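Using our numbering, you'd call the opening residue of the sequence shown number 1383 and step up by one each time.
Here the structure is laid out as structure tokens; the discussion comes afterwards.
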Amino acid sequence: MYRLKNDKRTLQSARWIYEAFSKLLKTNEFSKIKIKEIVEEANVGRTTFYRIFDSKRDILTYELDNQFKEIFSLLELENKTDRMVLLKVFLRYWNCNSLIVEQLIDIRKGYLLYEYFNDYLTNFFVDTSSFKQSELKYLSATRNAMLFSILVEWVKNGKRESPEQLVDLFERFAKLK
């Protein structure tokens, strides 16, 4: 778990640590990266690292939190009744900000992203009004898994399709019976 105080210095240190970790991930395996290397690359002390983070995994969850907060601030500006517009905004965001997704795929920690999908998106892209309460968990699980899988596959394949093409594909999949 990470701990962020809302002061400028702590926020900047956390950003430097993520950027250093991100740089190290380009040339090293996740399991081989040491905290010592991260703090040296970030030019912060070990005490600073451990004041904010407990582990390397925390650095990733910190960045995922930042990404999802940014996504939701964008989604708040949109018409919430048109789920496909929301999905398009969501995919456009990841089209421009896919580094964390790429990193999670590369280090085989995609499950962290999936956990965020379950925590943040459970009822977001779905009109739940026509479902019984007992069905909602299955609906959410299906939609989250589909959205997660499409995003991961898209990023793995170099994001060749546009967000609009993916929305069309998602709509077609959603209509399958």
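Virtual Cβ for every residue (Gly too), placed ideally from N, Cα, C.
It should be emphasised that the depicted structure is a prediction, and the values quoted were computed from it without experimental measurement.
Beyond the five residues adjoining it in sequence on each side, Phe1530 comes within less than 6 Å, by CB distance, of Tyr1496, Phe1499 in the same chain, given in chain order. Around the beta carbon of Arg1525, 16 or more other beta carbons lie within 10 angstroms, which makes this residue buried. The region 1473 to 1481 and the region 1422 to 1442 do not touch, with fewer than three beta-carbon pairs separated by less than 8 Å. Taking each of Leu1548, Asp1447, Leu1393 in turn and checking the Cα distance to Met1466, the smallest one comes out for Leu1548.
For Glu1543, the CB contacts under 7 Å within the same chain, skipping 5 residues up- and downstream, are Trp1536 in chain order.
The continuous alpha helix (DSSP H) containing Arg1474 extends over residues 1465 to 1478. Judged by DSSP secondary structure, Gly1492 falls within the alpha helix (DSSP H) whose first and last residues are 1492 to 1503. Nearest in C-alpha terms to Lys1438, of all of Leu1521, Asn1539, Leu1486, Glu1546, is Leu1486. Here Val1421 carries a helix assignment [DSSP, helix/strand/coil]. Boundaries of the alpha helix (DSSP H) around Thr1524: 1515 to 1538. When DSSP states are grouped into helix, strand and coil, Asn1448 belongs to the helix group. Setting aside the 5 residues that flank it on each side, Pro1545 is surrounded in the same chain by Lys1470, Leu1473, Arg1474, Asn1477, each with a C-beta closer than 6 Å to its C-beta; the list follows chain order.
Per DSSP, the continuous alpha helix (DSSP H) segment holding Glu1553 begins and ends at 1545 to 1556.
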